[in-house]
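In this text, residue positions in the sequence shown follow our numbering: the first is 393, and each later residue adds one.
Positions of the beta carbon are idealized from the N, C-alpha and C atoms, including for glycine.
Take a look at the structure below.
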Amino acid sequence: MQILRGIPVSQGVALGPALVLDSEGFRIPQQRVGPDQVESEIQRLRVALKAAGEGARATEKEMADQLGRKYGAIFAAHAMLFEDPSLIAEVDGLIRKERFTAEYAVSRAMREYVKVLQGLGDQFFTHRSADLFDVEKRILHHLLGDQREAVHRLTEPVVILAVDLSPSETAALDSGKVFAFATEHGGRASHTAIIANAMEIPAVVGLGNFLADVSGGDFVIVDGTHGLLILDPDAATIEKYQNLRNSQRQQASRWVVQRDLPPQTKDGVRIMLFGNIEFPSEADHCQERGADGVGLYRTEFLYVGRKTDPTEDEHFQAYMTVLKKLGNQSVVIRTLDVGADKFGSLPWTGPEEKNPYLGMRSIRLCLRNWPLFKTQLRAILRASAFGDIRVMFPMVSTLQEIRECKFLLAEVKEDLQEDKIAFNKDLPVGTMIEVPSAALMADSLAREVDFFSIGTNDLVQYTLAADRTNELMATLYTPSDPAVLRLIHRVVQAADNQGIEVNVCGEMSGDPIYTMLLLGLGLRQLSVTPQNLPEIKKIIRLISLDDARRVAAEALNLETARDVTNYLRDQTRRILPEAVE
Ligand code: PEP
Ligand code: MG
393 MQILRGIPVS
403 QGVALGPALV
413 LDSEGFRIPQ
423 QRVGPDQVES
433 EIQRLRVALK
443 AAGEGARATE
453 KEMADQLGRK
463 YGAIFAAHAM
473 LFEDPSLIAE
483 VDGLIRKERF
493 TAEYAVSRAM
503 REYVKVLQGL
513 GDQFFTHRSA
523 DLFDVEKRIL
533 HHLLGDQREA
543 VHRLTEPVVI
553 LAVDLSPSET
563 AALDSGKVFA
573 FATEHGGRAS
583 HTAIIANAME
593 IPAVVGLGNF
603 LADVSGGDFV
613 IVDGTHGLLI
623 LDPDAATIEK
633 YQNLRNSQRQ
643 QASRWVVQRD
653 LPPQTKDGVR
663 IMLFGNIEFP
673 SEADHCQERG
683 ADGVGLYRTE
693 FLYVGRKTDP
703 TEDEHFQAYM
713 TVLKKLGNQS
723 VVIRTLDVGA
733 DKFGSLPWTG
743 PEEKNPYLGM
753 RSIRLCLRNW
763 PLFKTQLRAI
773 LRASAFGDIR
783 VMFPMVSTLQ
793 EIRECKFLLA
803 EVKEDLQEDK
813 IAFNKDLPVG
823 TMIEVPSAAL
833 MADSLAREVD
843 FFSIGTNDLV
853 QYTLAADRTN
863 ELMATLYTPS
873 DPAVLRLIHR
883 VVQAADNQGI
893 EVNVCGEMSG
903 DPIYTMLLLG
913 LGLRQLSVTP
923 QNLPEIKKII
933 RLISLDDARR
943 VAAEALNLET
953 ARDVTNYLRD
963 QTRRILPEAV
973 E
């Protein structure tokens, strides 16, 4: 049994057969053939090896012609591997003795080789393992050909293991067929993680290299609550996790019991607890768990995975769907927020940038693409005639930007008036505070808008200059950092001074170790992933505000992220031990 530790990003546990995706998305299921098929399987292998060898020779020639013999030689070495007698004997052996399919035998044998090379602990050999993956890919390509199975066409439930999954790939997963996923790369607040949460698929990311140790069909366990991937689990571990999975199901029904209890502190202060959603259907998840409404509707999914931009009516229909599910409750619609970690670029996002995290993304894009932006604003305004809708702008870094947004909103209002189309003339306008400059200018920004929403996912990233999707930055990237706490404190004070509402909608607000701190800093609204609503509600009901203020004051005095985290864990353990375990 091998227990690997990564970053927990979507809670819950799952057990099942692995579906291993390499960067080309091959599926390599563990399958056996009948005794009478062994010879034809060996024959398939021979044909594939020959074709793969020819392919490598062709690449060798191409590279040698284009770049010189030195580069061609790399592929000459690959070609020799396809004829290597010991590799062939090993794969043959797996087919004959175990009756594995040729593709499974190849993948199993190659992974053994990779493991040995990586185990030598020498950089040279570790890099050579990439060559072996390439060789494996070529053989599998010839063996599987058109049978490459797209992840979204799964026929049986699996646990997906991959180098990485993009947000769009994650969104395309069928949550009925994917028990969980675990990836080598990825960070805590990556969009992939947020979508896994939204789809309620247990997930662990940032595990580092592990794919060499598994083959498709191997039985694995993903513990998304503690960030573990368990390969080849022993019987006792399987039993433990089966029990955990069962109690998880029971717990889900227990949460329903507290759905109608108000998120009110021990001393009777009512906190507004909202849900974050990405898809209109998730408004149901908010309702099922007793949210006060939707505090953040990320609208990116209206734009991705399509060739044309969404029409005003498509926007309108999506917003109306959410409104209908929410009854009288409010929904904060955030305008398009793409770029960098979020869906890279869309067709109209312009030339590739050297540093897209600091480039043409989000509100900057919208302010340079008025027709696109106005289409969304018009739909939001139209929907505002039918319920409590608020609009919010993402990634605002200057006062000028928010003023331009308001100017365009006013223009769209005028157009609607001319067209005699109803809308809420007092549509509340808010801004995300997720760029340090906005946090520092919060007192001025507070005079421009009706509410703030602190986006800690990006605020942490930009304050600490630590990529939210990079597992190597996981220690640096934390909302516990004193610099982040001070910025949040400043923003809440600025909102209070101006008498506007403020909430926190980044992943921080869904982590129970921060609830006391946030209430103590003065927050009276939180917006969290629907999965986290029950736990956050539970902890709010155990907090007294005096206690929370004391905790916040103490936390603000600490000088390192580690001290803050340890302190907050201890304080949380005091009132809800299970939240920290
Ligand atoms: C944030 O940055 O905290 C946030 C809520 O927005 P997103 O995660 O969509 O960037
Ligand atoms: Mg953000």
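Does the beta carbon of residue i come closer than 9 angstroms to any beta carbon on chain D?
i	result
Val841	Among the chains of the structure shown, chain D does not appear; only one protein chain is present.
Looking only at its chain, what residues have a beta carbon closer than 6 angstroms to the beta carbon of residue i, apart from the 5 residues adjacent to it on each side?
i	result
Thr347	With the chain covering only 393 through 973, there is no way to say anything about residue 347.
Ala554	Leu413, Thr575
Gly912	Ala940, Arg941, Val943, Ala944
Asp538	In this prediction, Asp538 has a pLDDT of 46, which is less than 50 and means its spatial position is unreliable; what the coordinates show is noted afterwards. None.
Tyr633	Val405, Leu407, Ile613
Would you call the CB atoms of residue i and residue j closer than 9 angstroms?
i	j	result
Ala831	Leu879	yes
Ser845	Leu688	yes
Leu718	Gln768	no
Gly600	Glu899	no
Ala775	Phe708	yes
Phe573	Ala604	no
Phe492	Arg500	yes
Ile434	Asp476	no
Gly398	Leu620	yes
Ala971	Ile932	no
Ile781	Tyr695	no
Leu437	Ala497	yes
Leu612	Gly445	Reading off the sequence shown, one finds Val at residue 612, where the question assumed Leu. No, these two residues do not count as a Cβ contact at 9 angstroms.
Ala410	Gly608	yes
Leu819	Ile892	no
Tyr463	Ala471	no
Ile725	Met787	no
Leu532	Val570	no
Gln917	Ile663	yes
Asp729	Glu706	no
Taking the alpha-carbon positions, what's the residue i to residue j distance?
i	j	result
Ile586	Gln853	15 angstroms
Pro654	Ser722	17 angstroms
Leu851	Leu665	21 angstroms
Ala563	Met591	8 angstroms
Val896	Val661	18 angstroms
Leu877	Tyr906	11 angstroms
Val821	Arg795	11 angstroms
Ala465	Glu528	18 angstroms
Arg954	Ser872	7 angstroms
Asn638	Ser673	26 angstroms
Ile928	Gln394	33 angstroms
Tyr749	Ala468	40 angstroms
His534	Thr617	39 angstroms
Arg461	Gly579	40 angstroms
Arg540	Val425	Here Arg540 scores only 43 on pLDDT, less than 50, and its place in the model should not be relied on; the value that follows carries that caveat. Roughly 19 angstroms separates the two Cα atoms.
Val875	Pro743	The question names Val, but residue 875 is Ala in the sequence shown. Rounded to the nearest angstrom, the two C-alpha atoms are 34 angstroms apart.
Gln640	Gln403	10 angstroms
Below 8 angstroms CB to CB, which residues in the same chain sit around residue i once its five sequence neighbours on both sides are set aside?
i	result
Met833	Thr790, Leu791
Asp842	Arg782, Pro820, Val821, Gly822, Ile892, Glu893
Arg882	Ala831, Leu832, Ala834
Gln422	Pro409, Phe492, Tyr496, Ser607, Gly608, Gly609, Asp610
Asp652	Gly682
Ala443	His534
For residue i, collect the residues of the same chain with a Cβ closer than 7 angstroms to its Cβ; drop the 5 residues on either side in sequence, then sort them by chain order.
i	result
Tyr959	Glu946, Ala947, Leu950
Leu636	Val405
Roughly how far, in whole angstroms, is the beta-carbon of residue i from the beta-carbon of residue j, given that I think they are within contact range, below 8 angstroms?
i	j	result
Ile825	Cys797	Actually they do not touch by this definition, with Cβ atoms about 14 angstroms apart.
Leu731	Met752	Note that residue 731 is Gly in the sequence shown here, rather than Leu. Contact holds; Cβ gap of about 7 angstroms.
Ser936	Thr657	6 angstroms
Ala777	Ala814	4 angstroms
Pro347	Lys734	Absent from the structure is residue 347, since the part of the chain shown begins at 393 and ends at 973.
Please tell me whether, using a cut-off of 8 angstroms, the distance from the CB of residue i to the nearest non-hydrogen atom of ligand 4 is below it.
i	result
Asp850	This structure lacks ligand 4; its bound ligands are ligand 1 and ligand 2.
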